[in-house]
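Inspection log for the structure reproduced underneath, given as structure tokens.
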Amino acid sequence: MAQQYNLEEMQRLFSTVSPEELGESLDNILFTATVSYLDPTQGCSTEQNVNDVTNVRFLLETLRECVRK
43 MAQQYNLEEM QRLFSTVSPE ELGESLDNIL FTATVSYLDP TQGCSTEQNV
93 NDVTNVRFLL ETLRECVRK
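Structure (structure tokens):
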């Protein structure tokens with residue numbers, strides 16, 4: 043089942059901080075999840091890491107779309 047996203051709601055959330063600040067935060071989350079995925083002794087399940095990375099990649103792409111407009 044494909045996930046559904048509310049683009050208007052995400053754009054509203056993105057307007058609360060600068061796109062640069064949000065992008066940096068999302069990059070940090072993606073980096074942390076990737077490092078944790080590569081070192082499974084960190085305690086977070088692989089499934090959760092994959093889900094986090096997928097969500098952050100979507101958020102980053104949406105942010106890039108908003109910045110281009």
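Letter by letter, the sequence shown follows residues 43 to 111 in the numbering used here.
Glycine included, each C-beta is placed from N, C-alpha and C at the ideal position.
>> Less than 7 angstroms between C-beta atoms, sequence neighbours within five positions excluded: which residues of the same chain meet that for M43?
In response: The pLDDT assigned to M43 is 46, lower than 50, so where the model puts this residue is not dependable; a value taken from the coordinates is nonetheless given after this. Cβ within range, chain order: n/a, list empty.
>> So, for S57: in the same chain, excluding its five sequence neighbours on each side, which residues have a beta-carbon less than 7 angstroms away from its beta-carbon?
In response: none
> Roughly how many whole angstroms lie between the Cα atoms of T96 and V109?
Replying inline: 20 angstroms
>> Going by DSSP in three states, D81 sits in which element: helix, strand or coil?
In response: coil
>> Buried or exposed for S67, going by 16 or more other Cβ atoms inside 10 Å?
In response: exposed
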